[in-house]
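S.K.: If you scroll down you'll find the structure; I have some questions about it.
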Amino acid sequence: MRICVFASGKGSNFSAILKAIDEKKLSSQVVAFVTNKPGCGAELIAKEKDIKTFHFNSSDLITSLKNLKVDFIVLAGFLKKLDENFINSFENKIINIHPALLPSYGGAGMYGMNIHKEVVKNKEKFSGITIHFVNENYDEGKIIFQKKVDIHKDDDENILAEKIHKLEHECYPWVIKKFEEDKVKIINGKVEILN
């Protein structure tokens, strides 16, 4: 697959994907990078790797990505909403990772530490990650994969964030691999990952 990664932050998931490619765990290549935060850590990673970089407000982004033959889009800590036109241009080819178990703790403003603080404040027994397709509403696309992590009573948001990051870095490349192998199917409106 020819992947474009979208990110707004430090780029730890982006790094995990690139590492999986370097280690031949993934056969895809990242051919483009998009950010809405010029100068962010993820953009520096893209520049270091000579990956073609775009800023999100560029009006002809769809055309640019199609010209690069991008056929899969991975959101890795990207904080802008994608419009319907963009989503329709890459139907069922855009995935996102969310650091909580959706449908809980989703929606506008629910990202990163904001989520972990809420989860800890609510004394939840566990949290986790959700990998899902992207639609025009925040965190409402079909769920592809979820994994839980236990929260111990003395865990604060920083400890929880560390646990979640570890899970993200393990699971995101694994799910991308399933797409490479054409093992992610939508059957009767539900997403199934085939063995």
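In terms of the numbering used here, the sequence shown opens at residue 1 and continues consecutively. Even glycine gets a Cβ: it sits at the ideal position worked out from N, Cα and C.
In or out: Leu127 buried (at least 16 other Cβ within 10 Å) or exposed?
M.R.: In the sequence as presented, Leu is not what sits at residue 127; that position holds Ser. With 16 or more other Cβ atoms within 10 Å, it is buried.
S.K.: Around the Cβ of Gly196, are there at least 16 other Cβ atoms within 10 angstroms (buried) or fewer (exposed)?
M.R.: Because the chain is modelled from 1 through 195, residue 196 falls outside the range shown and cannot be assessed.
S.K.: DSSP has Lys190 in a bridge; who is on the other side?
M.R.: Beta-bridge pairing links Lys190 to Ile187.
S.K.: Please check the pair Phe86 and Ile51, which I expect to be a contact at CB under 8 angstroms, by giving their CB distance rounded to whole angstroms.
M.R.: Going by Cβ atoms, the distance from Phe86 to Ile51 rounds to 20 angstroms, so no, they are not a contact pair.
S.K.: Measure the alpha-carbon distance for Asp83 versus Phe90 and round it to whole angstroms.
M.R.: 11 angstroms
S.K.: Drop a sphere of 10 angstroms on the beta-carbon of Asp150, count the other beta-carbons inside from all chains shown, and report buried for 16 or more, exposed for fewer.
M.R.: When all chains shown are included, Asp150 counts as exposed.
S.K.: Residue range of the alpha helix (DSSP H) that Lys163 falls in?
M.R.: Glu157 to Glu180
S.K.: For Gly141, collect the residues of the same chain with a Cβ closer than 6 angstroms to its Cβ; drop the 5 residues on either side in sequence, then sort them by chain order.
M.R.: His132, Phe133, Val134 and Asn135
S.K.: Please name the residue or residues paired with Phe126 in a DSSP beta bridge.
M.R.: Asp150
S.K.: Between Asn67, Arg2 and Val191, which has its C-alpha nearest Val30's C-alpha?
M.R.: Arg2
S.K.: Let me confirm a value: Asn57 is counted as buried when at least 16 other C-beta atoms fall within 10 Å, else exposed. Which label applies?
M.R.: exposed
S.K.: Taking the alpha carbon of Met113 as the point to measure from, which residue in Ile176, Gly41, His55 and His165 has its own alpha carbon closest?
M.R.: His165
S.K.: So within the stretch 30-63, which uninterrupted beta strand (DSSP E) runs reach at least 3 residues, ignoring any that extend past its ends?
M.R.: 52-55
S.K.: In the DSSP assignment, the alpha helix (DSSP H) including Phe14 goes from what residue to what residue?
M.R.: If you look at Phe14, you'll find it in the alpha helix (DSSP H) that goes Ser12 to Asp22.
S.K.: DSSP state of Leu65, grouped into three classes?
M.R.: helix
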